[in-house]
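One rule links them: number in the working numbering = place in the sequence shown (from 1) + 288.
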Amino acid sequence: LARAAGLAVNRGVVVDDAMRTSDPAVFAVGECAEHRGNCYGLVAPIWEMCRALAGSLTDGEGAYQGSVLSTRLKVSGVDVFSAGKFSGGEGCEDIVFRDAGRGVYKRVVIENGKLVGSVLFGDAIDGNWYFDLMRAGTSVTDIRETLIFGQAITEGLSGLDPNAAVAAMPDTQEICGCNGVCKGSIVAAITLQGLTTLDDVKAVTKASASCGSCTPLVEQVLKLTLGDGFKEQTGPKPMCKCTHKPHSDVRTAIVEYDLKSMPAVMQAMEWTTPDGCASCRPALNYYLLCAWPSEYRDDKQSRYINERVHANIQKDGTYSVVPRMWGGMTTPDELRAIADVADKFAIPAVKVTGGQRIDLLGVKKDDLPAVWADLNAAGMVSGHAYAKGLRTVKTCVGSDWCRFGTQDSTGLGIRLEKFLWGSWAPAKVKLAVSGCPRNCAEATCKDFGVVCVDSGFEIHIGGAAGLHIQGTKVLTHVASEDETVWVIAAAMQLYREEGWYLERVYKWMARVGLETIQAKVTDPETRKALYDRFVFSQRFARMDPWAERVAGRHNEEFTPMSRRMEFAPA
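Here it is as structure tokens:
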């Protein structure tokens, strides 16, 4: 759009310190803007740009100087924080602390007597303090000897008290980088408005309401401010603000009280809002669909946009389309059909995915039904790349081709995918089948995985390879393909029935316990009951949504608003 308008564009839309583009009447902020050669994809710099723009538009004094960035993430429960020039460089000095026994590593980088970078692993409580020192350009010469030990030690407080660093923070210190919320604002809101929970603080101050990485700090501020009045929340959290009931109670009530519609659930469970909210409606829709597969009618409007249009929306408003490729296998005819579709609809990008499929990126919403029709004509169905349900079953070539293959991993993967596809789940589900312990299909980081061995099949559960990295646990060992399918289907159904909406398999496993799952899927009677329920549910789920839309179902979703207005009653 910017190029078409004649604006200067490099990696982003070029702006000056006032956020003004090459056209003085046009301004740009956010990740589309390029300032002094830098593009920022985080929330905090956007707010800084907005403040500068507000100044430019009101008093003409707005000046954005660029942002010092920090990143905090959680990987399998371990804190990681980095900020600034943490890799160092010429003219920089490093101070490093390493405690292998505790799994802690800290590194701060000093240049010209000032802190310019830090990386913390395993203990990131001082991340915000280091970040504030960096942004303020504070000289650290006088505190160099204790700098690596953090704020509590440096400022003479007890390093053994986990709350000491938070207590020592000045009111001006930023807690939530995404929304620019300082400690003093949080304390004032808690004190003046009687806030008692994290959700209250989120709603009033917006702290912890974006990426969530500052949640532990916000909770510590809440605890310190309330003192003896702080009450640790025990037990499961409510589904949402519409009810005080947790997910488990709602799921149990749906079955026990024969509740078969959303209004029935809301009335029986005493919902505080008449129509629910964006959090509880998708969850209730799934719970009802799982409990009553032959009776409940899926409520399309209670699904997120990707599931409503059966494609993934992209940052520019177009969509990506991923046809299913059983077990990662395809044919020349399928590839030709994909190429023809890409040419016919001028699809700008075609990418091989990590799940052994092909992604067509940049499809216009109006073109989706026609794209699906052409793919359907070639025998291809939806890959459900958007779904809270089965995504892919990744395979290696197995014993058919590999010298090390112990079993037909490709054939088993195709069998599993054709058996499981179409099923809905609390969250996305990915599988993989590796033909030997070399694990080329990476089965040990999937929700469910199979590692083939000489004696049969080792079934794994609870892996993750996204924001959280987690290896699987061994669920059981079986001797045949049939047993493998039975166990995985039973485990899938158990997860479908017990998982909370948006709860991945590894989180469900951590909550209920691996031993509990093992006991149920290895007991012949319980496993058969779970398997039978899954097979029954698949009678109503294993259908191609693309074909339904091509046939005209929910056609209004793909009709431009201007055309809908042509047929609207006067």
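No residue lacks a Cβ here, since even glycine has one placed at the ideal position from N, Cα and C. These numbers come from a predicted model, not from an experiment.
A residue is called buried when at least 16 other Cβ atoms come within 10 angstroms of its Cβ; T619 does not meet this threshold and is exposed.
In this structure, W712 sits away from K734, with a CB-CB distance that is not shorter than 8 Å. The three-state secondary structure of F518, taken from DSSP, is coil. Secondary-structure assignment with DSSP links N600 through a beta bridge to S608. For F385, no alpha helix (DSSP H) segment is defined; the enclosing uninterrupted segment is the beta strand (DSSP E) at E381 to D387. Contact check for V368 against F409 passes: the beta carbons are separated by less than 8 Å. Contact between A371 and S406 holds: CB atoms are separated by about 5 Å, below the 8 Å threshold. Taking C-beta atoms under 8 Å as the contact rule, C320 and G294 fail to qualify, at a distance of about 16 Å. Taking each of E558, G391 and C528 in turn and checking the Cα distance to A541, the smallest one comes out for E558.
Taken in chain order, the complete alpha helix (DSSP H) segments of 4 residues or longer contained in the segment 488 to 571 are 503 to 514, 535 to 544 and 550 to 556.
By the neighbour-count criterion, in which a residue is buried when 16 or more other Cβ atoms sit within 10 angstroms of its Cβ, N298 is exposed. Per DSSP, E785 is one residue of the alpha helix (DSSP H) stretching across E769 to E786. When only Cα atoms are considered, W774 and K795 end up about 23 Å apart. About 6 Å separates the CB atoms of W660 and R837; that is less than 8 Å, so the two are in contact. The Cβ-Cβ distance between L763 and A753 does not fall below 8 Å. Contact between F419 and S358 is confirmed by a C-beta separation of about 5 Å, below the 8 Å threshold. Per the DSSP secondary-structure output, G372 pairs in a beta bridge with G405. Excluding sequence positions up to five before and after H323, its CB lies within less than 7 Å of the CB of V303, Y352 and G354, all in the same chain and listed in chain order. The C-beta separation of M527 from A571 comes to about 6 Å, placing the pair in contact by the 8 Å criterion. Restricting attention to Y592, M554 and M422, the CA atom closest to the CA of L576 is found in M554. About 7 Å separates the beta carbon of V428 from that of G401, a gap short enough to meet the 8 Å contact definition. In this structure, the alpha-carbon of G801 lies about 16 Å from that of D811.
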